[in-house]
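Chains as they are written, first to last, in our numbering: chain H, 48 to 324; chain U, 234 to 523.
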């Protein structure tokens, strides 16, 4: 008896949550459908689109031909992956030191690092723009990589720090006793234990860098424009070509949706700086 | 002795990160502050006179500043209301036992991974466009006049789009917090005859209070800088109807090339963000001791 009631409420929960979940994801599903239609079909009434039109992959080819998707895709990859790994190289030693050799000021340093993340980008837009213009970094992948590395550095350090703190210090102590040098301590003892934490840090930061849309829009033009800017170029009249806009959008978000799938558990810790676990 | 050596090594390992962040923070900030006191326009090259508070005066008395401040507050406040209330609802729902929980969870979270320019464009064109958008087509199909969302309710439309992107974030954090709630406490309350509303009011809500605060503070930091959604949908218009502070600074510095004015606006944006940041930092700092 009790069991049948609980199954019924389970079905009810599934129905309600499923409907709401479907509504949340519907825009993404819808552009996936539109991207597989011809332009003429894509602007017909929703039911017509669903049940009364053919399917085609033409829009994907058209997007590549019109605006060179792959160039922007590679820009996005280079900028997001580059900034993450560059940041990691600087952040791992820092986070390691703060987690295992905490000093009196460690907490202050951590808080101060976090405070740099609170700086609104628009507050430093003008000087960064001028510095980039004068040093030739404007519209370059290198410049954007550096900026994204810097804005995500506090998050990288914080995430690593919270993961490193969970590694028992005794193990490192033991390695040190056995005569391991600092270098081999980090390389052979710490790194393998920290890999899961590092992996989720990498994942989250690639996502954040991939979707970053203030600096990427303001500091790039044609050459270094990543996918955020590539999509923004569809906001002009061409935006009315629904099938192509949909295909372009799908191509821009698909890689990150897949990464996001894997990183959803780490998202909370990373984005709340460990305040909610 | 070993500690001394490792302390020195530790300092050495922290310093690149500290120096980089210090440079990233101090140099542009100092320049912004410096520019904000100059008459400095990129299309009128001159001797960049020192003009004191003039830029601040003009920026603050410009009617579009007042509009931008109001829009910023409405945008941030609106999105916070929708995402916090919606997030609590979603979290309570998703925490219940159901079939296919993992898949439903992912469906709810998915919008968070969509880049801002994409979500703004698909809502603007595929949904809110009065002629070809789904909402318009449904309205005409049912015999109503379609609504021109960005013409009639520009700010509300942007609040809607941004909320869609941030609702998953709030849901995820509140769900995580809810899952750490002691189930026995809830069961005990239920045995004692506490109604669901009372259990929510006196057990769940206090437990969620901290997570809610974190959601509000972090989202506020990000929402104050809303930019891409405005750029690709309305360009701040019609008039200044959707211009927020970030967009206003962008307009004065990169579109009107008024470096001085833009910098003054930037300084004001920094001050506003800092007010929020102080509260957030305190919360996170407390957690660090625990």
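Just so you know, even glycine gets a beta-carbon here, dropped at the ideal spot from N, CA and C.
Span of the alpha helix (DSSP H), counted from its first residue to its last, around residue i
i	result
residue 138 of chain H	116–147
residue 155 of chain H	153–164
residue 177 of chain U	Nothing about residue 177 of chain U can be read from this structure; chain U reaches only from 234 to 523.
residue 88 of chain H	86–89
residue 262 of chain H	262–265
residue 299 of chain U	296–328
residue 82 of chain H	Residue 82 of chain H -> no alpha helix (DSSP H), and no H or E assigned at all.
residue 93 of chain H	93–98
residue 168 of chain H	Counting along the chain, residue 168 of chain H falls outside any alpha helix (DSSP H), and DSSP gives it neither H nor E.
residue 349 of chain H	The question about residue 349 of chain H has no answer here: the residues shown for chain H are numbered 48 through 324.
residue 475 of chain U	Per DSSP, residue 475 of chain U belongs to no alpha helix (DSSP H) and is neither H nor E.
residue 529 of chain U	Because chain U is modelled from 234 through 523, residue 529 of chain U falls outside the range shown and cannot be assessed.
residue 274 of chain H	274–279
residue 224 of chain H	216–224
Residue i: CB within 8 Å of a non-hydrogen atom of the ligand MG
i	result
residue 114 of chain H	The ligand content of the structure shown is nil, which means the ligand MG is not present either.
Beta carbon of residue i nearer than 9 Å to that of residue j
i	j	result
residue 253 of chain U	residue 197 of chain H	yes
residue 312 of chain U	residue 392 of chain U	yes
residue 275 of chain H	residue 299 of chain H	yes
residue 478 of chain U	residue 277 of chain U	no
residue 242 of chain U	residue 148 of chain H	yes
residue 184 of chain H	residue 193 of chain H	yes
residue 390 of chain U	residue 315 of chain U	no
residue 340 of chain U	residue 293 of chain H	no
residue 510 of chain U	residue 160 of chain H	no
residue 77 of chain H	residue 348 of chain U	no
residue 233 of chain H	residue 140 of chain H	yes
residue 394 of chain U	residue 444 of chain U	no
residue 441 of chain U	residue 323 of chain U	no
residue 337 of chain U	residue 65 of chain H	yes
residue 453 of chain U	residue 388 of chain U	no
residue 260 of chain U	residue 137 of chain H	no
residue 371 of chain U	residue 93 of chain H	yes
residue 495 of chain U	residue 268 of chain U	yes
residue 457 of chain U	residue 505 of chain U	yes
residue 518 of chain U	residue 145 of chain H	no
residue 240 of chain U	residue 216 of chain H	no
As assigned by DSSP and simplified to three states, the class of residue i
i	result
residue 375 of chain U	coil
residue 283 of chain U	strand
residue 361 of chain U	coil
residue 186 of chain H	coil
residue 425 of chain U	coil
residue 71 of chain H	helix
residue 240 of chain H	helix
residue 468 of chain U	coil
residue 491 of chain U	strand
residue 271 of chain U	strand
residue 178 of chain H	helix
residue 533 of chain U	Because chain U spans 234 through 523 in this model, residue 533 of chain U falls outside it and cannot be assessed.
residue 514 of chain U	helix
residue 206 of chain H	helix
residue 331 of chain U	coil
residue 312 of chain H	helix
residue 234 of chain U	Bear in mind that a pLDDT of 37 at residue 234 of chain U, under 50, signals an unreliable position, so the number given afterwards is only what the model happens to contain. Looking at residue 234 of chain U - three-state DSSP - the assignment turns out to be coil, as it is neither helix nor strand.
residue 50 of chain H	Because the pLDDT at residue 50 of chain H is just 46, under 50, the model does not fix this residue reliably, and the point stays unresolved.
8 Å contact criterion, which residue i and residue j should meet: CB distance rounded
i	j	result
residue 261 of chain H	residue 460 of chain U	5 Å
residue 398 of chain U	residue 344 of chain U	6 Å
residue 265 of chain H	residue 199 of chain H	The Cβ separation is near 17 Å, so there is no contact.
residue 330 of chain U	residue 60 of chain H	7 Å
residue 524 of chain U	residue 493 of chain U	Summary: the structure shown does not reach residue 524 of chain U, with chain U confined to residues 234 through 523, and so no result is reported for it.
residue 135 of chain H	residue 214 of chain H	With 8 Å as the limit, residue 135 of chain H and residue 214 of chain H do not qualify as a contact, their Cβ atoms being about 17 Å apart.
residue 470 of chain U	residue 485 of chain U	Actually they are not in contact, since the Cβ atoms of residue 470 of chain U and residue 485 of chain U sit about 16 Å apart, beyond 8 Å.
residue 100 of chain H	residue 88 of chain H	4 Å
residue 449 of chain U	residue 317 of chain U	7 Å
Chain B contact residues for residue i, given Cβ-Cβ distances below 7 Å
i	result
residue 370 of chain U	You won't find chain B in this structure, because its protein chains are H and U.
Practice task
Could you name the residues of the stretch 440–454 of chain U whose beta carbon sits closer than 8 Å to any beta carbon of chain H, in the order they occur along the chain?
Solution key: Answer in chain order: 443, 444, 447, 451, 454.
Handout entry: Residues from the stretch 143–167 of chain H in contact with chain U, defined by Cβ distance under 9 Å
Key = Listed in sequence order: 143, 144, 145, 147, 148, 149, 150, 153, 154, 156, 157, 158, 159, 160, 161, 162, 163, 164, 165, 166, 167.
Practice task
Determine which residues of the stretch 339–360 of chain U have a Cβ less than 9 Å from any Cβ of chain H, and write them out in chain order.
Solution key: Cβ contacts with chain H come from 339, 340, 341, 342, 343, 344, 345, 346, 347, 348, 349, 350, 351, 352, 353, 354, 355, 356, 357, 358, 359, 360.
Practice task
Select from the stretch 250–263 of chain H all residues with a C-beta closer than 8 Å to any C-beta belonging to chain U, and list them in chain order.
Solution key: Within the stretch 250–263 of chain H, the residues whose Cβ lies closer than 8 Å to any Cβ of chain U are, in chain order, 254, 257, 258, 260, 261.
Handout entry: Short-range partners of chain U found in the stretch 116–144 of chain H, where Cβ spacing is below 8 Å
Key = Here the close residues are 137, 138, 140, 141, 143, 144.
Handout entry: Against chain H: residues of the stretch 467–490 of chain U by CB proximity under 8 Å
Key = Correct list: 478, 479, 482, 483, 486, 487.
Exercise for the section: With 9 Å as the limit, tell me which residues of the stretch 314–337 of chain U have their beta carbon closer than that to any beta carbon of chain H; keep them in chain order. Expected result: Here the close residues are 322, 323, 326, 327, 329, 330, 331, 332, 333, 334, 336, 337.
Handout entry: Members of the stretch 210–238 of chain H that neighbour chain U once the beta carbon cut-off is set at 8 Å
Key = Residues 223, 229.
Handout entry: Interfacial residues, the stretch 171–188 of chain H to chain U, with Cβ spacing under 9 Å
Key = Correct list: 171, 172, 173, 174, 175, 176, 177, 178.
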